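Chain order of the listed sequences is A and B.
In terms of UniProt numbering, the first sequence has 13 at position 13, counting the first letter as 1, and numbering is strictly consecutive.
In terms of UniProt numbering, the second sequence has 24 at position 24, counting the first letter as 1, and numbering is strictly consecutive.
No residue lacks a Cβ here, since even glycine has one placed at the ideal position from N, Cα and C.
For clarity, every value in this text was computed on a predicted model and none was experimentally measured.
Here the structure is laid out as structure tokens; the discussion comes afterwards.
There are 2 protein chains.
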Amino acid sequence: MSVFTSDDFQMMSRAIALAKRGMYTTSPNPNVGCVIARDARVVGEGYHAKAGEPHAEVHAMRMAGEQAKGATAYVTLEPCSHYGRTPPCAEGLIKAGVSRVVCAMKDPNPQVAGRGIAMLEQAGIDVTVGLLEEEARALNPAFLKRMETGRPFVQLKLAASLDGQTALANGASQWITSPQARQDVQHYRAQASAILSTSQTVIADNASLNVRWHDLPDYVQAIYPQAQLRQPTRVILDRQHQLFADLKLYQQAGPIVTVSEQNADLCVGADEHGRLSLPDVFHRLANEHQLNHIWVEAGATLARSLLQAQLVDELIVYLAPKIMGSDGRGLLGALGLMDMKQVMQFSIRDIRQVGSDIRVVLAPQPLTNE
Amino acid sequence: MSVFTSDDFQMMSRAIALAKRGMYTTSPNPNVGCVIARDARVVGEGYHAKAGEPHAEVHAMRMAGEQAKGATAYVTLEPCSHYGRTPPCAEGLIKAGVSRVVCAMKDPNPQVAGRGIAMLEQAGIDVTVGLLEEEARALNPAFLKRMETGRPFVQLKLAASLDGQTALANGASQWITSPQARQDVQHYRAQASAILSTSQTVIADNASLNVRWHDLPDYVQAIYPQAQLRQPTRVILDRQHQLFADLKLYQQAGPIVTVSEQNADLCVGADEHGRLSLPDVFHRLANEHQLNHIWVEAGATLARSLLQAQLVDELIVYLAPKIMGSDGRGLLGALGLMDMKQVMQFSIRDIRQVGSDIRVVLAPQPLTNE
Chain A
1 MSVFTSDDFQ MMSRAIALAK RGMYTTSPNP NVGCVIARDA RVVGEGYHAK AGEPHAEVHA
61 MRMAGEQAKG ATAYVTLEPC SHYGRTPPCA EGLIKAGVSR VVCAMKDPNP QVAGRGIAML
121 EQAGIDVTVG LLEEEARALN PAFLKRMETG RPFVQLKLAA SLDGQTALAN GASQWITSPQ
181 ARQDVQHYRA QASAILSTSQ TVIADNASLN VRWHDLPDYV QAIYPQAQLR QPTRVILDRQ
241 HQLFADLKLY QQAGPIVTVS EQNADLCVGA DEHGRLSLPD VFHRLANEHQ LNHIWVEAGA
301 TLARSLLQAQ LVDELIVYLA PKIMGSDGRG LLGALGLMDM KQVMQFSIRD IRQVGSDIRV
361 VLAPQPLTNE
Chain B
1 MSVFTSDDFQ MMSRAIALAK RGMYTTSPNP NVGCVIARDA RVVGEGYHAK AGEPHAEVHA
61 MRMAGEQAKG ATAYVTLEPC SHYGRTPPCA EGLIKAGVSR VVCAMKDPNP QVAGRGIAML
121 EQAGIDVTVG LLEEEARALN PAFLKRMETG RPFVQLKLAA SLDGQTALAN GASQWITSPQ
181 ARQDVQHYRA QASAILSTSQ TVIADNASLN VRWHDLPDYV QAIYPQAQLR QPTRVILDRQ
241 HQLFADLKLY QQAGPIVTVS EQNADLCVGA DEHGRLSLPD VFHRLANEHQ LNHIWVEAGA
301 TLARSLLQAQ LVDELIVYLA PKIMGSDGRG LLGALGLMDM KQVMQFSIRD IRQVGSDIRV
361 VLAPQPLTNE
């Protein structure tokens with residue numbers, strides 16, 4: 001059982017705060033922060049900003065220089081042990097001469113998975129793991145899910161009136177939610193590795209599905225310079241090859257991955273209903289495209305399929321304080337349920353007002369068969 | 001322009017806090033609190049607990065006794081000037097010898113309306129009005145609405161799934177909301193002058209529509225002793241005389257007012273659609289039955305009519321974090337809207353989690369014809 005001092009807690013908290021600065025840009029890498037301290041004094045610190053750029057430890061070691069000798073390094077994630085786009089950080093810390101390393105958590109990445117810690121220990125460095133682990137895990141829910149399960153973290157966005165309508169019977173729906181809610185969506189998109197939709201939705205709305213820096217909320221712009229803007233990959237399910245070149249989708253910068261059974265960037269087989277196998281789509285997006293975190297904006301049909309297939313980690317619902325009448329278009333469409341036990345259940349993670357609307361964040365609950 | 005001291009603010013705040021203790025029991029009277037103070041020291045205080053029992057000022061004067069002479073009385077509402085069930089408080093304060101009276105607000109009751117203040121001033125007492133007026137008005141939204149408009153304050157309760165369904169297509173709906181949400185409803189019922197429903201709802205649910213002390217939330221039980229329990233009047237719209245004696249409604253204590261075109265406790269004419277005229281129903285409940293505050297629990301049809309007739313002051317919606325599918329029964333049923341401009345709009349007064357559900361309190365907005 002490791003005993004940590006209040007200095008240890010303070011330094012690791014600082015490393016966690018630093019790690020958060022990368023939240024819009026590190027994908028597919030994790031958010032990591034590092035602080036190097038001597039005698040309760042910070043001598044170096046840094047965070048990982050972008051894949052291909054130096055890791056958090058490298059920034060901190062550069063800043064610390066000779067002062068790293070005999071110091072303690074606090075890292076929110078186990079230092080890497082493999083030669084990737086950068087040399088292993090464990091090796092760097094050994095060369096820098098730190099005498100102690102505190103990690104918030106092990107790296108579940110199979111390329112690391114304890115090897116970084118082992119390298120440090122073999123060099124005679126005192127290593128402890130587990131300080132503020134829960135907070136450190138919360139930095140990277142999507143990276144951790146991909147590493148631990150091979151599947152991406154999936155958020156599904158829905159928007160409706162208070163009575164669950166997404167449009168009137170004739171399709172009219174502009175605008176159900178407020179500009180602030182639409183800004184809030186931009187902030188979610190900006191954090192995602194990918195934005196996933198269908199060709200039907202893209203064509204119906206002529207949607208760009210990109211991050212528009214000027215539409216980000218002020219508090220995001222303040223910490224996310226326009227020059228750093230990263231466009232999430234746009235993944236479009238296009239089974240019938242309906243996408244065409246004039247769409248706004250193609251006029252905006254950023255990678256696009258089309259998905260169909262054939263002649264697409266990602267070719268996926270059909271399921272027993274003749275539809276693209278969604279578990280396969282997500283599994284392959286995670287493994288072949290390194291997409292940790294997928295933000296889904298689509299219509300009722302895809303939303304229903306994702307929820308029924310239990311592929312959603314988090315549901316984000318914007319409810320406008322309006323009543324449209326039950327003859328409009330329902331949130332997920334008809335489900336044909338006959339018994340209250342079949343109803344989809346969620347637990348509430350967060351409720352708040354966004355502009356003039358309500359935002360509810362929910363986690364799906366498995367169906368109980370009581 | 002009156003200048004109030006910090007002692008004045010403190011004493012009136014105390015009077016307002018006292019007034020709140022009557023919130024479950026004073027109907028149809030207002031909640032009123034009174035503090036009598038000398039040299040920043042409280043010598044008497046009280047609140048109005050129940051119609052027919054002493055007013056707040058009487059309790060405070062009894063407690064103060066001789067010490068009321070030359071003291072200041074702080075009252076959340078202008079002291080009454082008329083002989084009702086009790087003698088006028090303005091006269092009492094004069095006899096008690098107070099030298100100054102501070103009122104948070106004038107009493108809009110046409111039987112008072114400044115006469116209490118005039119009586120005090122004629123007796124040479126220094127009277128000021130308006131200290132913490134907004135807070136004092138918030139003690140009695142329903143009493144004030146009735147006095148100022150002749151109409152009751154109407155709250156409409158609805159409960160649905162996140163996708164706006166109140167039941168599955170086959171009518172199954174037990175239980176959409178959590179036990180805590182149902183307790184919360186009890187707390188709203190307990191504050192109302194009346195609970196209004198329809199014979200259809202009463203019969204379908206065999207509903208008692210009463211306040212069950214044991215089902216009140218703990219924080220209400222703590223301030224509302226079971227011995228003081230007041231049952232709101234139950235108002236049942238029963239146009240077709242469907243109510244029958246075996247209903248639970250009749251097995252519970254408390255007054256019942258049936259409403260129909262004839263042979264009812266309240267006989268109201270029909271509107272141009274052949275339905276009971278709802279504006280007439282509310283107007284007469286306020287004026288003939290002194291009902292300030294009406295809490296409505298009914299089905300989609302009545303809810304729709306009330307909202308369309310703009311008779312609702314506050315909408316309370318419990319949303320369970322469940323998705324039932326749009327083939328269920330919708331919150332208000334079909335509205336036949338063709339344009340987003342026709343959509344019913346609300347502003348949000350409060351959002352919170354109640355048990356595992358979401359409670360949203362909303363104020364209807366008038367339709368704009370832009």
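Rank the options by C-alpha distance to the C-alpha of residue i and give the top, closest one.
i, options, result
"residue 48 of chain B", "B/28, B/66, B/40, B/22", "B/22"
"residue 141 of chain A", "A/131, A/154, A/289, A/348", "A/154"
"residue 55 of chain B", "B/294, B/258, B/18", "B/18"
"residue 340 of chain A", "B/224, B/6, B/166, B/172", "B/172"
"residue 176 of chain A", "A/46, A/357, A/266, A/259", "A/357"
"residue 304 of chain B", "A/325, A/296, A/300, A/320", "A/325"
"residue 350 of chain A", "A/366, A/318, A/329, A/343", "A/318"
"residue 94 of chain B", "B/111, B/26, B/127, B/167", "B/127"
"residue 286 of chain B", "B/189, B/329, B/147, B/360", "B/147"
"residue 25 of chain A", "A/230, A/354, A/309", "A/230"
"residue 10 of chain A", "A/39, A/281, A/256, A/311", "A/39"
"residue 289 of chain B", "B/312, B/343, B/232", "B/232"
"residue 185 of chain B", "B/198, B/213, B/14, B/86", "B/213"
"residue 228 of chain B", "B/50, B/20, B/28, B/7", "B/50"
"residue 222 of chain B", "B/236, B/86, B/187", "B/187"
"residue 244 of chain B", "B/52, B/84, B/108, B/202", "B/202"
"residue 110 of chain B", "B/132, B/143, B/133", "B/143"
"residue 53 of chain B", "B/30, B/281, B/78, B/174", "B/30"
"residue 80 of chain B", "B/64, B/63, B/342, B/108", "B/108"
Quick check: residue i and residue j, are their CB atoms within less than 8 Å of each other?
i, j, result
"residue 99 of chain B", "residue 70 of chain B", "yes"
"residue 315 of chain A", "residue 156 of chain A", "yes"
"residue 97 of chain B", "residue 68 of chain B", "yes"
"residue 163 of chain B", "residue 247 of chain A", "no"
"residue 215 of chain B", "residue 336 of chain A", "no"
"residue 179 of chain A", "residue 348 of chain B", "no"
"residue 294 of chain A", "residue 196 of chain A", "yes"
"residue 16 of chain A", "residue 33 of chain A", "yes"
"residue 278 of chain A", "residue 311 of chain A", "yes"
"residue 334 of chain A", "residue 346 of chain A", "no"
Decide if residue i is buried, meaning its Cβ has at least 16 other Cβ atoms within 10 Å, or exposed.
i, result
"residue 12 of chain B", "buried"
"residue 5 of chain B", "exposed"
"residue 105 of chain A", "buried"
"residue 210 of chain A", "buried"
"residue 250 of chain A", "exposed"
"residue 160 of chain A", "buried"
"residue 370 of chain A", "Legend: pLDDT at residue 370 of chain A = 47, less than 50; position of this residue unreliable, no value from coordinates given."
"residue 352 of chain B", "exposed"
"residue 297 of chain B", "buried"
"residue 344 of chain B", "buried"
"residue 225 of chain A", "exposed"
"residue 235 of chain B", "buried"
"residue 170 of chain B", "exposed"
"residue 425 of chain B", "Lying outside 1 to 370, the shown extent of chain B, residue 425 of chain B is not represented and no answer is given."
"residue 72 of chain B", "buried"
"residue 366 of chain B", "exposed"
"residue 354 of chain B", "buried"
State yes or no: is the beta carbon of residue i nearer than 8 Å to at least one beta carbon in chain D?
i, result
"residue 165 of chain B", "The chain labelled as chain D is not found among the protein chains of the depicted structure, namely A and B."
Cβ contact check for the region 55 to 63 of chain A and the region 107 to 124 of chain A: 3 or more pairs under 8 Å: No, the region 55 to 63 of chain A is not in contact with the region 107 to 124 of chain A.
Near-chain B residues of the region 320 to 340 of chain A - C-beta to any C-beta below 8 Å: Against chain B - using a Cβ distance shorter than 8 Å - the residues of the region 320 to 340 of chain A are 321, 322, 323, 324, 325, 326, 327, 328, 329, 330, 331, 332, 333, 334, 335, 336, 337, 338, 339, 340.
Contacting positions in the region 108 to 128 of chain B - beta carbon closer than 9 Å to chain A: Considering only beta carbons, no part of the region 108 to 128 of chain B lies closer than 9 Å to chain A.
Short-range partners of chain B found in the region 337 to 361 of chain A, where Cβ spacing is below 9 Å: Answer set for the region 337 to 361 of chain A: 337, 338, 339, 340, 342, 343, 344, 345, 346, 347, 348, 351, 352, 353, 356, 357, 358, 360.
Members of the region 276 to 304 of chain A near chain B, C-beta cut-off 9 Å: Going along the region 276 to 304 of chain A in chain order, one finds 300, 304 with a Cβ nearer than 9 Å to chain B.
Within 8 Å of chain B by C-beta, residues of the region 129 to 163 of chain A in sequence order: If the cut-off is 8 Å between Cβ atoms, the region 129 to 163 of chain A has 160, 161, 162, 163 near chain B.
Chain A contacts from the region 170 to 182 of chain B (Cβ-Cβ distance under 9 Å): If the cut-off is 9 Å between Cβ atoms, the region 170 to 182 of chain B has 170, 172, 173, 174, 175, 176 near chain A.
Validate contact between the region 258 to 277 of chain B and the region 208 to 224 of chain B using beta carbons, cut 8 Å, 3 pairs: Taking 8 Å as the limit for Cβ pairs, the verdict is that the region 208 to 224 of chain B does not touch the region 258 to 277 of chain B.
Positions along the region 235 to 250 of chain B whose CB lies within less than 9 Å of some CB in chain A: Residues: none.
Where the region 304 to 319 of chain B meets chain A: residues whose CB sits under 8 Å from a CB there: Of all residues in the region 304 to 319 of chain B, 307, 317, 319 have a Cβ within less than 8 Å of some Cβ in chain A.
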